[in-house]
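Worksheet: one structure, shown below.
Residue numbers (this note's numbering): 547 to 971.
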C-alpha cells in the first residue's frame, strides 16, 4: 500500500513537472505574440500622429481600442472556461494577424481615411480581449500551486520588458524600412508563437465540470457567484477598482505636470517614464526572486498606502528636482508588480479552475469600465482645480479609501489566520 501511494505521488510530481515545462514553453511563444501586437499598436500611433497630427484622432483611436474590450472581456471569460483553450488562443492570434494584413492593404492603398484605422484598432482589441482571460487561466491549470506567485512575477517581468523594448524595435526598424514592411513583423512573431502552442498539452477540465448547453448568462452569473463565495474577495476587487480610478490622473497628466509645474522638456519626461518602467521591472524581478511572502493579504493595502504617500511627495517636490522625482517614481511603481502578483495569485488559488476564466474576465472588465471615467475626470478636474491640487487630493483620497476598505470591509477575511479563509496559499 505504501509503495503504491509513493508511486502515485511520484506520478503526480512527474505530471506537474511536465505541465510546468509545457507552460514555460508556451510562455516563450506568447512573448513573441505580445511583441508583434505591441509593434503594430505603436505603428498605428505613429501613422495617426504623422499623417493627421490630431490629438483628437489619437484619442479616438485609444477609445475605439478600449471600448470593445469592456464588453468582449465579459464574454471571453465564459468562452475561456467552456471551450478548448488552445484553439481559442490560436484563433485569436490568427485573427489578429489577418487584421494586421488588412492594415497592410489599407496603408498600401495610400488612402488617408481615419475610419479604417479605427475599425482595425477595434478589431484588434476584440481578439486580444478574447485571449487574455484564457492565457491567465492557464496558470492554475499548468503551474504547481507553490510556484504560482513566482510565475505571476515572471510573467509580469517578461511582459513589461517586451512592452518597453517593442517601441524601440519598431522605431529602429522604421529607420530602414517603411511602415508597410515593418508590419510583417507581426506575421513572423505569430509563427514563432504558434510553434510552442502546437507542441504543448493544455489540461482539459473534466466534462462534469463543464456544460456547453448552459446559457451564457448563467455561466456569467456563476463567475460573480464564485467571487462572492470567497469572503473578502469582492472587497479586494473593489479596492483594485478604486485604485485604478484614483491613480489615473498621475499617469494621464504626468507630461503636463513635468512641463508646466517643473518646466521640464522631452528629455526630462522620457527619463521619468524610463524610471517608471524600470520600477515595474524591478518589482517584477523581486517578486520572481522572493520565494515566500508572509502576510500576503496585508501587503496589498500596505503597498497601496505607501504608493499614495510617495504620490503625495512627488506632487510637492521642489521645482526641477527631476532626479528626486525619478527615484520616487521608480520606488512607487516597483510596488505594483508585487501587488498584482499577490492579487492574481489569490484569485488563481481560491477560485475553482473551471471558473477562473470568468472571474478574471469580470475583474478585468470592471477595471476597463473604470478607465474611461478616469481619463475624462483627469482632464476635467485638472482644468477646474489645477494639476497639483488634483494630485494632492487623489493621494489623500487614495490613502483614505485604502485604509477605509481595510478597516471597514470584509477584506480581512482573506487573512490566513482568519477562520473564513477558504484555502491555504
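Yeah, the Cβ is synthetic: ideal placement off N, Cα and C, and Gly gets one too.
Considering only residues of the same chain and omitting the five flanking positions on each side of residue i, which have a CB-CB separation below 6 Å?
i	result
residue 672	614 and 618
residue 668	610 and 614
residue 860	871 and 874
residue 808	865 and 866
residue 804	810, 814 and 815
residue 565	688
residue 626	679, 680, 683 and 903
residue 952	847
residue 879	822, 825 and 826
residue 956	777, 778 and 781
residue 920	791 and 794
Who are the Cβ neighbours of residue i in its own chain at under 7 Å, not counting the five residues just before and after it?
i	result
residue 780	773 and 774
residue 827	703, 706 and 707
residue 849	881, 884 and 885
residue 788	947
residue 589	716, 725, 728 and 729
residue 754	Low per-residue confidence applies at residue 754: pLDDT is 47, beneath 50, and the placement is therefore not dependable enough to give any value.
residue 574	742
residue 735	578, 579, 581 and 582
residue 756	Confidence at residue 756 is low in this model, with a pLDDT of 49, below 50, so the placement of that residue should be treated as unreliable; the coordinate-derived value is given next. Excluding residues within five positions, the ones whose Cβ falls inside 7 Å are 628 and 900.
residue 606	664
Helix, strand or coil for residue i? Go by DSSP, reduced to three states.
i	result
residue 576	helix
residue 656	coil
residue 587	helix
residue 662	helix
residue 808	coil
residue 593	helix
residue 567	helix
residue 801	helix
residue 685	helix
residue 771	helix
residue 645	helix
residue 670	helix
residue 952	helix
residue 748	coil
residue 690	coil
residue 776	coil
residue 679	helix
residue 965	Low confidence applies here, because residue 965 scores a pLDDT of 39, under 50, leaving its location unreliable; read the following figure in that light. Coil.
residue 516	Since the first residue of the chain shown is 547 and the last is 971, residue 516 is not available in this structure.
Whole-angstrom Cβ separation of residue i and residue j, contact assumed at under 8 Å?
i	j	result
residue 899	residue 743	Actually they are not in contact, since the Cβ atoms of residue 899 and residue 743 sit about 20 Å apart, beyond 8 Å.
residue 890	residue 846	That pair is no contact at about 11 Å.
residue 654	residue 726	6 Å
residue 746	residue 568	4 Å
residue 716	residue 728	6 Å
residue 868	residue 818	7 Å
residue 834	residue 700	5 Å
residue 676	residue 638	5 Å
residue 763	residue 684	At roughly 25 Å, the Cβ-Cβ gap does not stay under 8 Å, so residue 763 and residue 684 are not in contact.
residue 795	residue 608	Between residue 608 and residue 795 the Cβ distance is about 16 Å, and since that is not below 8 Å, they are no contact.
residue 933	residue 799	5 Å
Start and end of the alpha helix (DSSP H) containing residue i?
i	result
residue 877	868–879
residue 699	694–720
residue 735	731–745
residue 793	779–798
residue 858	842–861
residue 959	Careful: residue 959 lies outside any alpha helix (DSSP H) and carries neither H nor E.
residue 630	No alpha helix (DSSP H) holds residue 630; DSSP gives it neither H nor E.
residue 725	725–728
Looking only at its own chain, which residues have a Cβ that is under 8 Å from the Cβ of residue i, when we skip the five neighbours before and after it?
i	result
residue 893	779, 902, 905, 906 and 909
residue 571	742, 745 and 746
residue 855	941 and 945
residue 620	766, 907, 908 and 911
residue 877	825 and 856
- [ ] Tell me the start and end of each unbroken beta strand (DSSP E) in the region 884–945 that is at least 3 residues and wholly inside, in chain order.
- [x] none
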